[in-house]
Amino acid sequence: MSLVIAEVTGSEELGIVRRIVESSMGSWQAYYATTCVEQGYCRALVAFEYGRPAGVSLFYRLELQPRVSVGVIYYVVVEDRFRRRGIGKALVASVEHLLEEEWVDAIVATTRFDNIGSRKLFGSFGYVEVPLEVVEDRCGEVVTKLTCSYEDDLLLFKGLTVDLEGLVGALGTPQNLRQVERLWYGLCYRPWLRLRRTSRGL
Numbered sequence: 710m711s712l713v714i715a716e717v718t719g720s721e722e723l724g725i726v727r728r729i730v731e732s733s734m735g736s737w738q739a740y741y742a743t744t745c746v747e748q749g750y751c752r753a754l755v756a757f758e759y760g761r762p763a764g765v766s767l768f769y770r771l772e773l774q775p776r777v778s779v780g781v782i783y784y785v786v787v788e789d790r791f792r793r794r795g796i797g798k799a800l801v802a803s804v805e806h807l808l809e810e811e812w813v814d815a816i817v818a819t820t821r822f823d824n825i826g827s828r829k830l831f832g833s834f835g836y837v838e839v840p841l842e843v844v845e846d847r848c849g850e851v852v853t854k855l856t857c858s859y860e861d862d863l864l865l866f867k868g869l870t871v872d873l874e875g876l877v878g879a880l881g882t883p884q885n886l887r888q889v890e891r892l893w894y895g896l897c898y899r900p901w902l903r904l905r906r907t908s909r910g911l
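Residue numbers for the sequence shown follow the working numbering, beginning at 710 and rising by one.
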C-alpha cells in the first residue's frame, strides 16, 4: 500500500508534524500545531507515501450542552512535493472517519477566501462555506475562538446531525460560551502569551 495514515503517538511523529507545518506555513504555525498536541487538545495524523512523511492533519472536538459535539479540523498540511496526489483528501477523510466514530454532530474548519486549494478540498467533502463575519454578526467571536482562526475569514461547515443554525444556537448559550473560552485560553491565548514573552526575551 503506497499511502498510510498513522496517528501521532510519540515524539518522533510529533517532530514530523513540526517539520511539515514549518516548511509549509512557518515556525509560528508549527509552534501552535505542536503545542496543541503536546497539551492534549489536538490529535494528529501523519500521511506517509511509500514510507516518506507527506502531510499532516490536526483536529480536536468539544462537547457542548445540551448534547452537541463539534469536531474542529485545525490543520491540513501537505508538503509541496506531494501535492495533487490525493493526500489532503485522504487526511480529511481519515479525520472525518475518526470524528464520526465519536458521534460528533458537526465538523468545522476555517480557511481564507484566497486559499482556493483548501476551499476545493473541503468543498469536495460537502462543506458549506460561510464568511466568518456573517457568523460573528450573530454570535460574536465564539466561532473564531472555537477554531483559533484569527488569520482566516471563511468558515467551512459540515452538519452531520445538526445544521449551522443549530450549532450557532448551541454556541451562543452562556454555558457553552464559557466552555469555548476555556478551550480558547488553553489552545490559543496561553501559547500566544508564551510565544510573546519568549520573543521579548522574558
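Yeah, the Cβ is synthetic: ideal placement off N, Cα and C, and Gly gets one too.
Note that the structure is predicted; figures quoted are calculated from it, not measured.
Could you compute how far the alpha carbon of residue i sits from the alpha carbon of residue j?
{"i": "Tyr-784", "j": "Arg-794", "result": "18 Å"}
{"i": "Tyr-676", "j": "Leu-904", "result": "Because the chain in this structure spans residues 710 to 911, residue 676 falls outside the shown range and cannot be described."}
{"i": "Val-755", "j": "Gly-849", "result": "34 Å"}
{"i": "Trp-812", "j": "Ser-778", "result": "7 Å"}
{"i": "Gln-774", "j": "Tyr-741", "result": "27 Å"}
{"i": "Val-717", "j": "Leu-723", "result": "6 Å"}
{"i": "Val-843", "j": "Ile-729", "result": "32 Å"}
{"i": "Val-839", "j": "Leu-712", "result": "32 Å"}
{"i": "Ser-736", "j": "Gly-719", "result": "20 Å"}
{"i": "Leu-902", "j": "Cys-745", "result": "14 Å"}
{"i": "Glu-809", "j": "Ala-818", "result": "15 Å"}
{"i": "Tyr-759", "j": "Ser-732", "result": "20 Å"}
{"i": "Leu-911", "j": "Leu-873", "result": "With a pLDDT of only 46 at Leu-911, under the threshold of 50, the placement of this residue in the model should not be trusted; the figure read from the coordinates follows. Taking the straight line joining both Cα atoms gives about 43 Å."}
With H, G and I counted as helix, E and B as strand and the rest as coil, what does DSSP make of residue i?
{"i": "Glu-788", "result": "coil"}
{"i": "Gly-835", "result": "coil"}
{"i": "Leu-869", "result": "coil"}
{"i": "Arg-778", "result": "It should be noted that the sequence gives Ser, not Arg, for residue 778. In the structure shown, Ser-778 sits in a strand (DSSP, three-state: E or B)."}
{"i": "Arg-906", "result": "helix"}
{"i": "Val-717", "result": "coil"}
{"i": "Val-804", "result": "helix"}
{"i": "Glu-772", "result": "strand"}
When you compare the CB positions of residue i and residue j, do they come within less than 9 Å of one another, or not?
{"i": "Gly-881", "j": "Arg-847", "result": "yes"}
{"i": "Glu-668", "j": "Arg-821", "result": "The shown model of the chain, from 710 to 911, leaves out residue 668, and the question about it has no answer."}
{"i": "Gln-748", "j": "Gly-875", "result": "no"}
{"i": "Gln-714", "j": "Ser-858", "result": "In the sequence under discussion, the amino acid at residue 714 is Ile, which differs from the Gln named in the question. Going by C-beta atoms, Ile-714 is not nearer than 9 Å to Ser-858."}
{"i": "Ala-815", "j": "Phe-866", "result": "yes"}
{"i": "Gly-797", "j": "Gly-764", "result": "yes"}
{"i": "Val-787", "j": "Met-734", "result": "no"}
{"i": "Leu-863", "j": "Arg-906", "result": "no"}
When you compare each of the options to residue i by their alpha carbons, which one comes out closest?
{"i": "Val-726", "options": "Ser-766, Arg-761, Ile-714 and Ser-711", "result": "Ser-766"}
{"i": "Leu-949", "options": "Val-717, Thr-856, Lys-829 and Leu-830", "result": "With the chain covering 710 to 911 only, the question about residue 949 has no answer from this structure."}
{"i": "Val-889", "options": "Glu-731, Pro-762, Val-781 and Leu-712", "result": "Val-781"}
{"i": "Asn-885", "options": "Val-852, Arg-906 and Cys-745", "result": "Val-852"}
{"i": "Arg-776", "options": "Arg-887, Thr-870 and Arg-891", "result": "Thr-870"}
{"i": "Leu-807", "options": "Thr-819, Val-837, Phe-768 and Phe-831", "result": "Phe-768"}
{"i": "Pro-762", "options": "Gln-738, Tyr-750, Thr-907 and Arg-792", "result": "Arg-792"}
Nearest chain C C-beta to residue i closer than 9 Å, yes or no?
{"i": "Ile-796", "result": "The chain labelled as chain C is not found in the depicted structure, where only one protein chain is given."}
On the DSSP bridge assignment, give the partners of residue i in chain order.
{"i": "Pro-762", "result": "Phe-757"}
{"i": "Val-817", "result": "Val-781 and Phe-866"}
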